[in-house]
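S.K.: Here it is, the structure in full.
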Amino acid sequence: MSLFVRETFFYKRFVLLTLMIGLQNIITLGVNLSDNLMLGGYSESSLSGVALANQIQFLLQMLVMGAGEGMVIMASRYWGAKDIGSIKKVISIGMRLAVLLSVVMLAIVFFFPQGCLSLFTNDQSVISEGMAYLKIICFSYVFFAITNILLSSLRSVETVKIGLMVSLSTLIINVCLNYVLIYGHFGFPALGVSGSAIATLIARIIETVVVCMYIKRIDTKILLKLKDFFSIDPVLFKQYIKIGSPILLSNALWAGAMAMQTAILGHMGGPAIAANSIATTIFQLISVVIFASASASAILIGKTIGEGQLDKVKAYSKTLQILYVIIGLGTGFILFVTKDYVINLYAISYDAKALALQFMTVLSITVIGTAYQMPSLTGIVRSGGDTKFVLYNDFIFMWLVVLPASALCAFVFNLSPVVTFMFLKCDQILKCFVAIVKVNRFKWIRVFDR
Numbered sequence: 288m289s290l291f292v293r294e295t296f297f298y299k300r301f302v303l304l305t306l307m308i309g310l311q312n313i314i315t316l317g318v319n320l321s322d323n324l325m326l327g328g329y330s331e332s333s334l335s336g337v338a339l340a341n342q343i344q345f346l347l348q349m350l351v352m353g354a355g356e357g358m359v360i361m362a363s364r365y366w367g368a369k370d371i372g373s374i375k376k377v378i379s380i381g382m383r384l385a386v387l388l389s390v391v392m393l394a395i396v397f398f399f400p401q402g403c404l405s406l407f408t409n410d411q412s413v414i415s416e417g418m419a420y421l422k423i424i425c426f427s428y429v430f431f432a433i434t435n436i437l438l439s440s441l442r443s444v445e446t447v448k449i450g451l452m453v454s455l456s457t458l459i460i461n462v463c464l465n466y467v468l469i470y471g472h473f474g475f476p477a478l479g480v481s482g483s484a485i486a487t488l489i490a491r492i493i494e495t496v497v498v499c500m501y502i503k504r505i506d507t508k509i510l511l512k513l514k515d516f517f518s519i520d521p522v523l524f525k526q527y528i529k530i531g532s533p534i535l536l537s538n539a540l541w542a543g544a545m546a547m548q549t550a551i552l553g554h555m556g557g558p559a560i561a562a563n564s565i566a567t568t569i570f571q572l573i574s575v576v577i578f579a580s581a582s583a584s585a586i587l588i589g590k591t592i593g594e595g596q597l598d599k600v601k602a603y604s605k606t607l608q609i610l611y612v613i614i615g616l617g618t619g620f621i622l623f624v625t626k627d628y629v630i631n632l633y634a635i636s637y638d639a640k641a642l643a644l645q646f647m648t649v650l651s652i653t654v655i656g657t658a659y660q661m662p663s664l665t666g667i668v669r670s671g672g673d674t675k676f677v678l679y680n681d682f683i684f685m686w687l688v689v690l691p692a693s694a695l696c697a698f699v700f701n702l703s704p705v706v707t708f709m710f711l712k713c714d715q716i717l718k719c720f721v722a723i724v725k726v727n728r729f730k731w732i733r734v735f736d737r
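In this text, residue positions in the sequence shown follow my numbering: the first is 288, and each later residue adds one.
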């Protein structure tokens with residue numbers, strides 16, 4: 288079997304989906320980047336406090352994404368089979384779960400903000416700034432969940448441009464309001480981190496309204512109605528739990544592991560927190576195409592299985608792996624050559640800046656592994672139907688290898704933050720060996736009964 292698919296349609300769909308989803312992701316991350324840049328010029332404690340508060344947002348994001356990914360895997364197959372009725376029922380299940388998760392997270396954060404932040408650091412100035420941000424931003428969680436589930440449902444039927452438009456409007460609104468509310472321009476009071484939180488909350492509300500209006504007035508594929516969210520198909524619900532629960536648990540474990548990583552670095556001092564925040568934000572911005580390629584792959588693989596073309600699935604998966612490596616090499620190069628220019632945008636201490644540069648150098652290497660293994664496992668294997676494998680794989684590498692080794696580096700051997708950071712990211716290379724074997728055995732291809 289040739290390594291490269293010869294169908295022009297395949298490459299056009301992959302590039303278009305990756306481009307649209309990638310642009311949407313990069314604009315979405317631009318919201319966090321604007322917060323980072325503006326708060327970085329305001330004070331280092333504000334930047335660090337919001338960075339820790341965003342770890343809780345990241346946990347919610349991963350949970351909502353887990354609910355959405357299970358929905359996309361099922362809906363994209365029904366899209367291939369042109370079964371619109373089942374797509375609506377799956378969306379209803381995903382929406383209920385995402386909203387429930389967001390309400391629970393809102394309650395925890397609103398009533399116990401200090402306890403949540405104390406898990407990451409004992410620096411009281413950082414905790415104080417983080418609490419001011421959390422008590423406002425937590426009200427955006429439900430809007431965030433609704434918007435992302437609706438956009439995921441549209442993505443499952445290959446409607447991706449609206450996501451780009453929504454993210455762009457959110458970015459513009461958030462940047463403008465940040466400028467006004469953080470520093471107190473145009474007669475407004477200077478609210479600092481509280482102003483940043485208010486700006487993001489307003490932007491989230493507006494993007495939810497925009498998506499709902501699009502679905503009500505413009506969408507012609509799914510034709511969702513409000514009444515579609517008030518009924519659940521027991522058979523589909525059981526199937527969703529079987530497929531989606533491993534994804535949800537995997538994402539929760541991953542988010543928990545990221546929080547643990549932040550906690551490990553957080554207890555190594557304020558400069559380490561700020562450096563990790565900057566390096567991680569820039570890494571996410573540069574590597575959006577990697578995550579977009581995983582989403583595009585899931586849609587293509589899921590739809591092709593739904594159409595019953597299993598031979599094409601094997602050919603597509605081989606070609607996709609080559610494309611992932613090319614993307615990884617390009618992303619690593621861009622991250623390495625731009626790191627010095629980007630870091631000068633931040634008004635932070637010399638120690639934090641030096642650490643951030645070292646962290647970004649490490650990431651420019653490990654991102655090559657991320658670009659291959661992450662879309663191979665989450666984009667191909669998951670969408671093929673084997674949703675449990677990624678759960679087991681992430682648990683073993685992150686919780687039994689990476690976190691114990693990193694904790695030993697930081698707290699027992701007292702190694703530098705850079706060495707600790709290298710251990711925190713080593714799984715991105717190690718997982719590649721597992722991904723190569725798993726993907727090319729093709730035992731992950733599963734056909735669901737309805």
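We put the CB at the ideal spot given by N, CA and C, even for glycine.
Verify whether the separation of the beta carbon atoms of K376 and D520 is less than 8 Å.
M.R.: The residue you call residue 376 lines up with position 89 of the sequence shown. The residue you call residue 520 lines up with position 233 of the sequence shown. Yes.
S.K.: In this structure, does DSSP put G672 in helix, strand or coil?
M.R.: Locating residue 672 in the sequence shown gives position 385, counting from the first residue. Strand, per DSSP.
S.K.: Anyone know if the C-beta pair for S415 and T487 falls short of 8 Å?
M.R.: Numbered from its first residue, the sequence shown carries residue 415 at position 128. Numbered from its first residue, the sequence shown carries residue 487 at position 200. Not a contact, by the Cβ cut-off of 8 Å.
S.K.: When you compare only the Cα positions, how much space is there between I732 and F399?
M.R.: Counted from its first residue, the sequence shown places residue 732 at position 445. Counted from its first residue, the sequence shown places residue 399 at position 112. Looking at the two C-alpha atoms, the distance is approximately 44 Å.
S.K.: Can you name the start and end residues of the alpha helix (DSSP H) that E494 belongs to?
M.R.: Along the sequence shown, read from residue 1 onward, the residue named residue 494 stands at position 207. Start and end: 480 to 504.
S.K.: Can the beta-carbon of A658 be found closer than 8 Å to that of T606?
M.R.: The sequence position of residue 658 within the sequence shown is 371, counting from 1. The sequence position of residue 606 within the sequence shown is 319, counting from 1. Contact: no.
S.K.: Helix, strand or coil, according to DSSP, for I577 in the structure here?
M.R.: Working through the sequence shown from its first residue, we reach residue 577 at position 290. It is helical.
S.K.: Taking the CB atoms as reference points, tell me whether A490 and I436 lie closer together than 8 Å.
M.R.: To locate residue 490, count along the sequence shown from 1; it is residue 203. To locate residue 436, count along the sequence shown from 1; it is residue 149. No.
S.K.: What residue range does the alpha helix (DSSP H) around V734 cover?
M.R.: Within the sequence shown, numbered from 1, the residue matching residue 734 stands at position 447. V734 -> no alpha helix (DSSP H), and no H or E assigned at all.
S.K.: Curious, which full-length beta strand (DSSP E) runs of at least 3 residues does the segment 335 to 397 contain?
M.R.: The segment 335 to 397 contains no whole beta strand (DSSP E) run of 3 or more residues.
S.K.: Would you decide whether V351 is buried or exposed? Buried here means 16 or more other CB atoms lie within 10 Å of its CB.
M.R.: By one-based count along the sequence shown, residue 351 stands at place 64. Flag for V351 reads buried.
S.K.: Below 8 Å, can you find three or more Cβ-Cβ pairs linking the segment 502 to 518 to the segment 372 to 387?
M.R.: Contact holds: three or more Cβ-Cβ distances are below 8 Å.
S.K.: Taking V391 as the reference, which of L464, L346, I502 has the closest Cα?
M.R.: The residue given as residue 391 occupies position 104 in the sequence shown. For V391, the nearest C-alpha among the options comes from L346.
S.K.: Excluding the five sequence neighbours on either side, which residues of its own chain have a C-beta within less than 7 Å of the C-beta of V467, listed in chain order?
M.R.: Taking the first residue of the sequence shown as 1, we reach residue 467 at position 180. For V467, where only same-chain residues beyond five positions count, the Cβ hits under 7 Å are F473, F475.
S.K.: Starting from D638 and walking both ways along the alpha helix (DSSP H), at which residues does that stretch end?
M.R.: As a position in the sequence shown, residue 638 is number 351, starting the count at 1. 637 to 661 is the span of the alpha helix (DSSP H), which, as asked, contains D638.
S.K.: Quick test of your reading: S389 and A432, contact by CB under 8 Å. State the CB separation rounded to the nearest angstrom.
M.R.: Translated into the one-based positions of the sequence shown, residue 389 becomes position 102. Translated into the one-based positions of the sequence shown, residue 432 becomes position 145. The Cβ separation is near 4 Å, so the contact holds.
S.K.: Starting from the C-beta of Y298, find all residues in its chain whose C-beta is less than 8 Å away, skip the five residues before and the five after it, and write them out in chain order.
M.R.: For this step, residue 298 is matched to residue 11 along the sequence shown. If we look at Y298 and ignore the five residues flanking it on each side, its Cβ neighbours are V292.
S.K.: Put F431 into one of helix, strand or coil per three-state DSSP.
M.R.: Counting from 1 along the sequence shown, the entry for residue 431 is found at position 144. It is helical.
S.K.: Mark P533 as exposed unless 16 or more other C-beta atoms lie within 10 angstroms of its C-beta, in which case mark it buried.
M.R.: Start at 1 with the first residue of the sequence shown, and residue 533 comes out as number 246. Result: buried.
S.K.: Under 6 Å Cβ to Cβ from Q715, same chain only, skipping five residues before and after it: list those, please.
M.R.: Walking along the sequence shown from the start, residue 715 turns up at place 428. Once the five neighbours on either side are set aside, the close Cβ partners of Q715 are T653, G656, T657.
S.K.: Could you tell me the boundaries of the alpha helix (DSSP H) in which N461 lies?
M.R.: Translated into the one-based positions of the sequence shown, residue 461 becomes position 174. Start and end: 448 to 470.
S.K.: For a quick check, are the C-beta atoms of A562 and L642 less than 8 Å apart?
M.R.: As a first step, residue 562 is located in the sequence shown; it is residue number 275 there, counting from the start. As a first step, residue 642 is located in the sequence shown; it is residue number 355 there, counting from the start. Result yes, Cβ atoms of A562 and L642 sit closer than 8 Å.
S.K.: In whole angstroms, what is the alpha-carbon distance linking G589 and A583?
M.R.: Here residue 589 corresponds to residue number 302 of the sequence shown, with the count starting at 1. Here residue 583 corresponds to residue number 296 of the sequence shown, with the count starting at 1. Rounded to whole angstroms, G589 to A583 spans 10 Å at the Cα level.
S.K.: Which runs of the alpha helix (DSSP H), 4 residues or longer, sit entirely within the segment 533 to 567?
M.R.: Runs found: none.
S.K.: Going by beta carbon distance, what residues of the same chain come within less than 6 Å of L511, once the five residues before and after it are set aside?
M.R.: For the purposes of this step, residue 511 is taken as the residue at position 224 of the sequence shown. For L511, where only same-chain residues beyond five positions count, the Cβ hits under 6 Å are I502.
S.K.: So, for A362: in the same chain, excluding its five sequence neighbours on each side, which residues have a beta-carbon less than 6 Å away from its beta-carbon?
M.R.: In the sequence shown, residue 362 corresponds to position 75, counting from 1. Result list for A362: I374, V377, S443, in chain order.
S.K.: Return yes when at least one heavy atom of the ligand GDP lies under 7 Å from the C-beta of A641, else no.
M.R.: For the ligand GDP, the structure offers nothing, since it holds no ligand at all.
S.K.: Among M709, F676, F700, V706, which residue has its Cα nearest to the Cα of V721?
M.R.: Numbered from 1 along the sequence shown, position 434 holds the residue referred to as residue 721. Of M709, F676, F700, V706, the residue nearest in Cα terms is F676.
S.K.: Between which residues of its own chain and G615 is the CB-CB distance below 8 Å, once the five residues before and five after are set aside?
M.R.: In the sequence shown, residue 615 corresponds to position 328, counting from 1. Contacts found: I577, V654, I655, G656, T657, A658, Y659.
S.K.: With distance defined between alpha-carbon atoms, name the residue in F570, G336, T446 nearest to G417.
M.R.: In the sequence shown, residue 417 corresponds to position 130, counting from 1. The residue with the shortest Cα to Cα distance from G417 is G336.
S.K.: Just to confirm, are I573 and T707 a CB contact at a threshold of 8 Å?
M.R.: One-based indexing of the sequence shown puts residue 573 at position 286. One-based indexing of the sequence shown puts residue 707 at position 420. No, Cβ-Cβ distance for I573 and T707 is not below 8 Å.
S.K.: Please report the distance separating the alpha-carbon of A692 from that of T625.
M.R.: In the sequence shown, the residue the question calls residue 692 occupies position 405. In the sequence shown, the residue the question calls residue 625 occupies position 338. When rounded, the distance between both Cα atoms is 30 Å.
S.K.: So, at 6 Å on beta carbons, what are the nonlocal neighbours of A340 in its own chain, with the 5 sequence-adjacent residues on each side left out?
M.R.: Taking the sequence shown and counting its residues from 1, one reaches residue 340 at position 53. Cβ neighbours of A340 beyond the five flanking positions: G417, Y420, L421.
S.K.: From which residue to which residue does the alpha helix (DSSP H) around M685 run?
M.R.: For this step, residue 685 is matched to residue 398 along the sequence shown. Run containing M685: none; DSSP gives neither H nor E here.
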